[in-house]
Amino acid sequence: MSAITSTLEAYQQQLRSNRLGLWLFFISEAFLFGGLLAARFYLWGNSRPDLDQALGLTITAVLLISSFFMNRAETAIAHDDRKTFLESLLVTAILGVIFLIGVVGFEWSGHIKPWHGAYGAVLYGMTGMHALHVLSGIIFILIVWNNGRKGHYSGERHWGVEACAIYWHYVDLVWVFFYPALYLIGTVVH
Amino acid sequence: MISITQASLVLTGLSILVGILMLGGSLAFFGIIVRREYPLDIPEREIEEPAMDPALLAKRTSAYRLGAIILAGLAVLTAVEYVVGVAWSSVVILLILGLFKAGLIVQYFMHVTRVWSEERH
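Top line first, the protein sequences correspond to chains L and D. Using this note's numbering, the first residue of the first sequence is number 989, and each one after it goes up by one. Using this note's numbering, the first residue of the second sequence is number 2, and each one after it goes up by one.
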C-alpha cells in the first residue's frame, strides 16, 4: 500500500468520524432550540404578538436563498470550481448579514421589548439565540472564505467547507420551525 | 420644532445609512486593501478553471441545477406556508409544510445520508 493511499484512507476514516461528531452536536443543539419552541407554545399558546409579516417573510426568503448559495459553494469546491466557490461563500455571508439586520435592526426596534412579559421574553429569546448562531455562521463562512482564497481546499479534501455548509443549513433548518411559530401560528394579540 | 418621533426617524435613517456605509467600507477594505496586501498564496493561473472533461462538466451543471430546484421547492412551500398562516393559521398544515421543508434541507443540503453511507465528499 502506497503512502498516498494510506493517507487518503486515514482521511476518509477521519471524515466519517467528523461527520458523526458534527451531527451529534446538532442533536444536542436541537434540545436547546426544542426547549425554546416548547417555551413558545407553553407561554403563548394559540396566540402571537402582532409582528411585521412582510419583514418575517423577507428574512425567511433571504435565509433560504443564502442556503442555496452555501450549497452552491460546497458543490463548486467539490468540482474544483474555485471561482464560483469563493463568490458563493461571499454572497452567503452578505445574505446572512442582511438577515441579521432584519432581525436585530428592524424586528427588535418594533413595539415589543424584552421586558414586555411572555411575548417579549419568548420573542427575544428565540430570535436572539438564533441570531447568535447566524453570527457565528457568518464568522465561520468568512474563515472558510479566507482559507479558500489561499487555496486550502480541493475537490478531494474540503471537510472545512462541508462542515461550514452543514452548519449554515442547520441554522436555516431551525428557522424553518421558528418562522411559523413566531409569525404564523395563533391569533394576533394587540 | 421637530417632534421626538421625527427626530427618532431621522436618527434611525442615519443609523441605517451609517450601517450601509460601514458594510460597503468593510467590503471595499477586504476586496481592495487586504487583497493587495496579502496576495493569494497560489498563482492566478492555478485558480483559473482547468479545462474539464465534458462528462464532469455535465455532472457539475447537474449538481448546480439540483440546488436551484430545491430552492424553488422551498420557495413554493414557504409561499404556501405564508398563505396558510395568514388565512387559516392551521397548526397541523403549517407543521406538515415545515416538515417537508426540513426534509428537503436535511436530505439535499445537509446530505444526512453521508453520515452512514459514504466516506468521501
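All C-beta atoms in this analysis are idealised placements derived from N, C-alpha and C, irrespective of residue type, glycine included. Quick caveat, the model's predicted, so the values are computed rather than measured.
Query	Result
Any C-beta of chain L under 7 Å from that of D/Leu78	no
Test: L/His1157 CB closer than 7 Å to a CB of chain D	yes
Classification of L/Ile1127 by the beta-carbon crowding that lies within 10 angstroms, buried from 16 upward	exposed
C-alpha distance - L/Asn1135 paired with L/Gly1143, whole-angstrom precision	14 Å
Residues near L/Leu1010 by beta carbon distance below 8 Å, same chain, minus five either side	Ala1151, Ile1154, Tyr1155
For D/Asp42, three-class secondary structure by DSSP	Note that D/Asp42 scores 46 on pLDDT, short of 50, meaning its location in the model is unreliable and no value can be drawn from it.
CB contact flag (L/Phe1087, L/Leu1052, <7 Å)	no
C-alpha gap between L/Ile1131 and L/Thr1175, whole angstroms	42 Å
Check whether L/Pro1037 and L/Tyr1141 have beta carbons under 7 Å apart	no
Where L/Arg1060 meets chain D, residues with beta-carbon distance less than 8 Å	Tyr65, Gly68
Under 8 Å (Cβ pairs) to chain D, residues found in the segment 999 to 1014 of chain L	Gln1000, Gln1001, Leu1003, Arg1004, Arg1007, Leu1008, Trp1011
Rounded separation between L/Gly1090 and L/Val1159 - CA only	16 Å
Residues sharing a beta bridge with L/Pro1037, DSSP	L/Val1177
Coarse secondary structure for L/Leu996, derived from DSSP in three states	helix
L/Trp1163 burial status per 10 Å Cβ neighbour count (16 or more: buried)	buried
Three-state secondary structure (DSSP) of L/Glu1144	coil
Run of the alpha helix (DSSP H) containing D/Val113, from where it starts to where it stops	Premise fails: D/Val113 is in no alpha helix (DSSP H) and is neither H nor E.
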